[in-house]
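Just below is one structure, and these are the notes that go with it.
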Amino acid sequence: MSTFYWALKLIYQDNQLLVVLSKNASHDYLTGLLNQRMYEADFHRQLKIARQQATPLSLVAFDIDYFKEINDHHGHVAGNQVLVEVSTALKRVSQGYQSDSRLYRVGGEEFNLVLPNNDRKSAEQLALKCCETIANSVIQYKGVRISVTLSAGVSDLTQSDKQVVDLYLRADHNLYLSKQRGRNRVTVDGKTIVANKR
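4 is the number that our numbering gives to position 4 of the sequence shown; each next residue is one higher, with no gaps.
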């Protein structure tokens, strides 16, 4: 083989490595979702666009209910499977609803869904659909059914929001209320809706 061939092969391998490293920097290793770093960058960009174009922007903060108990009772491998299956279902539902929605894994069992061009009501409907999808899913590990539900908090961009943290804090507070009021719920502006479970 010629030196030229080997040089091309090394360049190709280096490019492949750059692709892998780039993906690792922007995506969660377990779920394949965008990660916290990308969430922060994208959310700032979406806020700027929404302000410039006077379009709505909503945020849904999700948390898997009783995730610690799932890990404690079934083990961390089962917990990882739950994370993968929940993230896959959330991505499928959210992208089926709106193709430019962006889903991020922002913590252990925490996910944020950024919804450009969506007002509070449509974000609430999508959050409810996501919670109901998870509550009615069958997740099994080694033949054992694991019951999983989500809680969600929704917020939308207001005139008084100066930074993304303002929007996030409202979504996070609403998520806290969903958990406090019994879990498997969606809360918007302090109003809580129970997700249907068959």
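Note that the Cβ used here is the ideal one computed from N, Cα and C, for glycine as well.
Alpha helix (DSSP H) segment containing residue i, residue limits
i: Tyr97; result: 76-97
i: Ser178; result: 164-180
i: Lys197; result: Element bounds for Lys197: n/a, residue is neither H nor E.
Residue i, enclosing beta strand (DSSP E) - first and last residue
i: Tyr104; result: 102-105
Rounded straight-line distance, which links the Cα of residue j to that of residue i
i: Leu33; j: Ser2; result: 41 Å
i: Asp72; j: Asn196; result: 26 Å
i: Arg102; j: Leu115; result: 7 Å
i: Arg185; j: Cys130; result: 11 Å
i: Tyr168; j: Gly143; result: 38 Å
i: Gln98; j: Ala123; result: 10 Å
i: Asn174; j: Tyr141; result: 31 Å
i: Thr158; j: Asp172; result: 16 Å
i: Val77; j: Ile70; result: 10 Å
i: Lys23; j: His44; result: The pLDDT assigned to Lys23 is 49, lower than 50, so where the model puts this residue is not dependable, and the model offers no usable value.
i: Lys191; j: Arg181; result: 10 Å
i: Ile146; j: Arg51; result: 42 Å
i: Leu47; j: Gln163; result: 8 Å
i: Asn35; j: Ser151; result: 20 Å
i: Gly75; j: Arg37; result: 28 Å
i: Ser87; j: Asn80; result: 11 Å
i: Ser137; j: Val82; result: 11 Å
i: Lys68; j: Glu109; result: 9 Å
i: Thr55; j: Phe111; result: 23 Å
i: Glu107; j: Leu177; result: Before going on, a small fix: residue 107 reads as Gly here, not Glu. Rounded to the nearest angstrom, the two C-alpha atoms are 19 Å apart.
i: Val84; j: Ser58; result: 24 Å
i: Val148; j: Asp63; result: 11 Å
DSSP state of residue i mapped onto helix, strand, coil
i: Arg185; result: strand
i: Leu47; result: helix
i: Ser26; result: helix
i: Leu18; result: Only weak support exists for where Leu18 lies, its pLDDT of 42 falling under 50; the value from the coordinates is given anyway. Helix, per DSSP.
i: Thr192; result: strand
i: Asp42; result: helix
i: Asp72; result: helix
Which residues DSSP lists as bridging residue i, in chain order
i: Asp65; result: Looking at the DSSP assignment, Asp65 forms no beta bridge with any residue, so it has no partner.
i: Leu257; result: With the chain covering only 1 through 198, there is no way to say anything about residue 257.
i: Leu57; result: Pro116
i: Ala156; result: For the sequence presented, residue 156 should be read as Asp rather than Ala. The partner list for Asp156 (beta bridge, DSSP) reads Ser58.
Just list the alpha helix (DSSP H) runs in the region 101-152, keeping only unbroken ones of 4 residues or longer that don't cross its boundaries, in chain order. 120-135
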